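A.B. asks:
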Amino acid sequence: MQRLVTARMSDLDIHSERLLVLDFGSQYTQLIARRVREAGVYCEIHPFDMSNAQVRDYAPRGIILSGGPESAIATTSPRVPAAVFELQVPVLGICYGMQVMAAQLGGEVEGGHEREFGYAQVEITDPCPLFAGLNDSDSTPPQLDAWMSHGDRVTRLPQGFSAIGSSANAPLAAMADAGRHYYGVQFHPEVTQTRQGAEILRRFCVDVCKCGQLWTAQNIIDDSIAHVRDLVGSDKVLLGLSGGVDSSVVAALLARAIGEQLTCVFVDTGLLRHGEGDQVMETFAEHMGVNVIRVDAGQRFYAALKGVIDPEEKRKIIGGMFIDVFDEQAHAIQDVKWLAQGTIYPDVIESAGAKTGKAKVIKSHHNVGGLPEKMHLKLVEPLRELFKDEVRRIGVSLGLPEEMVQRHPFPGPGLGVRIIGEVKEEYAEILRLADHILISELHAHNLYNQVSQAFAVFLPVKSVGVMGDGRRHDWVIALRSVDTIDFMTAHWSRLPYDFLELVSRRIINEIEGVSRVTYDISSKPPATIEWE
Ligand code: XMP
Numbered sequence: 381m382q383r384l385v386t387a388r389m390s391d392l393d394i395h396s397e398r399l400l401v402l403d404f405g406s407q408y409t410q411l412i413a414r415r416v417r418e419a420g421v422y423c424e425i426h427p428f429d430m431s432n433a434q435v436r437d438y439a440p441r442g443i444i445l446s447g448g449p450e451s452a453i454a455t456t457s458p459r460v461p462a463a464v465f466e467l468q469v470p471v472l473g474i475c476y477g478m479q480v481m482a483a484q485l486g487g488e489v490e491g492g493h494e495r496e497f498g499y500a501q502v503e504i505t506d507p508c509p510l511f512a513g514l515n516d517s518d519s520t521p522p523q524l525d526a527w528m529s530h531g532d533r534v535t536r537l538p539q540g541f542s543a544i545g546s547s548a549n550a551p552l553a554a555m556a557d558a559g560r561h562y563y564g565v566q567f568h569p570e571v572t573q574t575r576q577g578a579e580i581l582r583r584f585c586v587d588v589c590k591c592g593q594l595w596t597a598q599n600i601i602d603d604s605i606a607h608v609r610d611l612v613g614s615d616k617v618l619l620g621l622s623g624g625v626d627s628s629v630v631a632a633l634l635a636r637a638i639g640e641q642l643t644c645v646f647v648d649t650g651l652l653r654h655g656e657g658d659q660v661m662e663t664f665a666e667h668m669g670v671n672v673i674r675v676d677a678g679q680r681f682y683a684a685l686k687g688v689i690d691p692e693e694k695r696k697i698i699g700g701m702f703i704d705v706f707d708e709q710a711h712a713i714q715d716v717k718w719l720a721q722g723t724i725y726p727d728v729i730e731s732a733g734a735k736t737g738k739a740k741v742i743k744s745h746h747n748v749g750g751l752p753e754k755m756h757l758k759l760v761e762p763l764r765e766l767f768k769d770e771v772r773r774i775g776v777s778l779g780l781p782e783e784m785v786q787r788h789p790f791p792g793p794g795l796g797v798r799i800i801g802e803v804k805e806e807y808a809e810i811l812r813l814a815d816h817i818l819i820s821e822l823h824a825h826n827l828y829n830q831v832s833q834a835f836a837v838f839l840p841v842k843s844v845g846v847m848g849d850g851r852r853h854d855w856v857i858a859l860r861s862v863d864t865i866d867f868m869t870a871h872w873s874r875l876p877y878d879f880l881e882l883v884s885r886r887i888i889n890e891i892e893g894v895s896r897v898t899y900d901i902s903s904k905p906p907a908t909i910e911w912e
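First residue of the sequence shown? That's 381 in the numbering used here, and the numbers climb one at a time after it.
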């Protein structure tokens, strides 16, 4: 078996025809990588200051230079490693990436021109392999609806380059050196506002860099299964199932890869969403035949949280208690060697950034951090290379219910950070019901998949209301819904008033103890998505 697996992997190495995305600090860098992957091509994001040796070792078939916040005019601004232009592979510079490429190859970049932000028409002045046949306006010459965000612009092309596109504020909005297969675009093809952006990136990856489209859901699954089998052999593996998307997909993948060797522990903290525990058991234990141990630990969590109001303190208690409960169960299972975790690629990029001081400090998450050392377990993280949308796609291919796979993110400490101040069972019950009403109405009105994250928050404030002839003083529920690309910045969702009215009416009428519902209209920043 072992030999077969190894032979299969060497037949098809789905990482072999890959691109390198060099990150110059744009908020869209992860989007570039996601679009490349959607084109069926594997790529990794690395910081712009990776060494020349690292660039060569990575052996990319092509390189994309991201945008970034700095000015290419400043002599101290980030530069492209020399190896990029020595490898003789295609290069695509986007925004700052185009400018820095132009500056380094002998062209000129100027600042002080009118800033161009938002939609712009880019006239295609040379069809070139990236633009041929594209036209958003049926005009001659053809035009692209593109998304711009720049102050500086290229004013003189480096030798060997010619202009392939122009816009009102950037006469040299796109450039190409057909001989070396170097391209630069001032606009952002990775954002959906640039209508042909995904196609332009696909052409770069597939037509220009000649990468095979090996990065498909089925190939990723086959490759991960082979890799996991290779890694763990006949050892036993333990997984903490949370009901969230990532751990659910890990469970489905490992069930396929190693079957009986997998045991999942599902801790019901009493801080989960409505029906979550039953759904986890139904999907995994009943339908997929996975070994799942369910622990109903709600009372222990409520007891540990009694009287605690500080959010970070609450997070620590919930995380610590989770590890204790998990550890107790795990000890009952003999001979476990591996702990599986649902770490995904953005976590890997973020923690790499945190080490180099490039990423913001994130709130203490309650993964099963600390467990591997405590239990002397080795880690298996089969989703480490995947973006969330890829995790979702393979989840569906593995047969998980769409509803489970498309769920909005849910924080590790669960309802614990959505009950403001002290956590009590009675508050958790009210919040669970209110949240369920909001979520089911979003589904019923086809709004759930249009917003990025929606939930209810329990406010321990007594507010006056009238019910029939009497007055009552009851609790307040806040509704929160946000639209975001990366959860770093977010806008509150413009949900229809009628919809909000319906949800509010249902919550107040159907849940005893709630007299008022509010809708949170704060964006991030300055507010955060969660209330604590
Ligand atoms: P904030 O509130 O920081 O949230 O704007 C950004 C995203 O992170 C989630 N979040 C958490 N996830 N443990 C988690 O696992 C946490 O302590 C935590 N706090 C926030 C939040 O739900 C949103 O998706």
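Built from N, CA and C at the ideal position, the CB exists for glycine as well. Computed from a predicted structure; not experimentally measured.
The ligand XMP heavy atoms versus the CB of Val464: any closer than 7 Å?
C.D. replies: No, since every heavy atom of the ligand XMP falls outside the 7 Å radius drawn around the Cβ of Val464.
A.B. asks: Should Val741 be labelled buried (16 or more other beta-carbon atoms within 10 Å of its own) or exposed?
C.D. replies: Only weak support exists for where Val741 lies, its pLDDT of 37 falling under 50; the value from the coordinates is given anyway. Under this definition Val741 is an exposed residue.
A.B. asks: For the candidate residues Asp603, Ala452, Arg575, whose alpha-carbon lies nearest to that of Ala482?
C.D. replies: For Ala482, the nearest C-alpha among the options comes from Ala452.
A.B. asks: What's the gap between the Cα of Ser903 and the Cα of Ala870?
C.D. replies: Ser903 and Ala870: Cα-Cα distance of roughly 6 Å.
A.B. asks: Write down every uninterrupted run of the beta strand (DSSP E) in the region 754–811 whose length is 3 residues or greater and which is fully enclosed by it, in chain order.
C.D. replies: As far as the region 754–811 is concerned, its whole beta strand (DSSP E) runs of at least 3 residues are 758–760.
A.B. asks: Where does Tyr682 sit, in a helix, a strand or coil, going by DSSP?
C.D. replies: The answer is helix: DSSP assigns Tyr682 an H, G or I state.
A.B. asks: Does DSSP put Thr505 in a helix, a strand or coil?
C.D. replies: Note: Thr505 maps to coil in three-state DSSP.
A.B. asks: Is any heavy atom in the ligand XMP found nearer than 7 Å to the beta carbon of Ile909?
C.D. replies: For the ligand XMP, at least one heavy atom lies less than 7 Å from the Cβ of Ile909.
A.B. asks: Comparing alpha-carbon positions, which option in His756, Val625, Leu766, Met755 lies nearest Leu411?
C.D. replies: Minimum Cα distance to Leu411 is reached at Leu766.
A.B. asks: Which of the three DSSP states, helix, strand or coil, is assigned to Ser529?
C.D. replies: Correct three-state label for Ser529: strand.
A.B. asks: Grab me the residues of Arg851's own chain with a C-beta within less than 8 Å of its C-beta, minus the 5 sequence neighbours each way, in chain order.
C.D. replies: Excluding sequence neighbours, Arg851 sits near Val844, Gly845.
A.B. asks: Is it right to say His395 is buried, meaning 16 or more other beta carbons lie within 10 angstroms of its own, or is it exposed?
C.D. replies: It counts as exposed.
A.B. asks: Consider the C-beta atom of Val803 and the heavy atoms of the ligand XMP; say whether any pair is separated by less than 7 Å.
C.D. replies: Incorrect: Val803 has no Cβ contact closer than 7 Å to the ligand XMP.
A.B. asks: Who are the near neighbours of Ala550 in its chain, counting only those whose CB is closer than 6 Å to its CB and skipping five residues on each side?
C.D. replies: Taken in chain order, the residues that qualify are Arg533, Gln566.
A.B. asks: Pick from Ile774, His788, Arg787: whose alpha carbon is nearest that of Ile601?
C.D. replies: That would be Ile774, whose Cα lies nearest to the Cα of Ile601.
A.B. asks: Residues in its own chain within less than 6 Å of Ile901 by CB, not counting five upstream and five downstream?
C.D. replies: Taken in chain order, the residues that qualify are Trp872.
A.B. asks: Going by alpha carbons, who is nearest to Ile909 out of Val803, Val797, Asp658?
C.D. replies: Answer by Cα proximity: Val797.
A.B. asks: Pick helix, strand or coil for Pro691, following the three-state DSSP scheme.
C.D. replies: Helix at Pro691.
A.B. asks: Following a CB-centred definition, is Phe867 positioned closer than 7 Å to any heavy atom of the ligand XMP?
C.D. replies: Under cutoff, so the answer is yes.
A.B. asks: Tell me Asp863's beta-bridge partners as DSSP assigns them.
C.D. replies: Answer is His871.
A.B. asks: Taking 8 Å as the threshold (C-beta atoms), are Val675 and Leu621 in contact?
C.D. replies: Cβ atoms of Leu621 and Val675: not closer than 8 Å.
A.B. asks: Determine contact between the region 450–464 and the region 602–611, defined as no fewer than three beta-carbon pairs at a distance below 8 Å.
C.D. replies: Result no; under three Cβ-Cβ pairs closer than 8 Å.
A.B. asks: What whole-angstrom Cβ distance do Ala720 and Leu619 have, given they're in contact under 8 Å?
C.D. replies: Yes, they are in contact, since the Cβ atoms of Ala720 and Leu619 sit about 4 Å apart, within 8 Å.
A.B. asks: Identify whether Cys585 lies in helix, strand or coil by the three-state DSSP scheme.
C.D. replies: Here Cys585 sits in helix by DSSP.
A.B. asks: Rounded C-beta distance between Val435 and Val416? I'm assuming under 8 Å.
C.D. replies: Their Cβ separation, rounded to whole angstroms, is 17 Å, which puts Val435 and Val416 out of contact at 8 Å.
A.B. asks: With a CB to CB cut of under 6 Å and the five nearest residues on each side skipped, what residues in its chain are close to Glu761?
C.D. replies: Excluding positions up to five away in sequence, the list reads Gln721, Thr723.
A.B. asks: I believe Phe404 touches Ser446 by the beta-carbon criterion, under 8 Å. Please report the beta-carbon distance rounded to the nearest angstrom.
C.D. replies: About 5 Å; that satisfies the 8 Å criterion.
A.B. asks: By Cβ distance below 7 Å, which residues in the same chain neighbour Asp626 in space, the five residues on each side in sequence not counted?
C.D. replies: Correct list, in chain order: Gly722, Ile724, Leu763, Val771.
A.B. asks: Considering just the uninterrupted stretch of the beta strand (DSSP E) at Ser547, what are its terminal residues?
C.D. replies: From DSSP, Ser547 is part of no beta strand (DSSP E); its letter is neither H nor E.
A.B. asks: Can you look up Ile697 in the DSSP assignment and give me helix, strand or coil?
C.D. replies: In the structure shown, Ile697 sits in a helix (DSSP, three-state: H, G or I).
A.B. asks: Pick out whichever of Val705, Gly623, Lys694 has its Cα sitting closest to the Cα of Glu912.
C.D. replies: When only C-alpha atoms are compared, the closest one is Lys694.
A.B. asks: In angstroms, rounded to a whole number, what distance separates the CA positions of Arg398 and Gly491?
C.D. replies: One C-alpha to the other measures close to 34 Å.
A.B. asks: Under the three-state reduction of DSSP, which class applies to Arg383: helix, strand or coil?
C.D. replies: Annotation note: pLDDT 36 at Arg383 (below 50); position unreliable, no value reported.
A.B. asks: Could you tell me the alpha carbon to alpha carbon distance between Val894 and Pro791, rounded to whole angstroms?
C.D. replies: Cα to Cα, the separation comes out at about 24 Å.
A.B. asks: Rounded C-beta distance between His788 and Ala834? I'm assuming under 8 Å.
C.D. replies: Right, the Cβ-Cβ distance comes to about 6 Å (below 8 Å), so this counts as a contact.
A.B. asks: Can you look up Asp429 in the DSSP assignment and give me helix, strand or coil?
C.D. replies: In this structure, Asp429 counts as coil in the three-state DSSP scheme.
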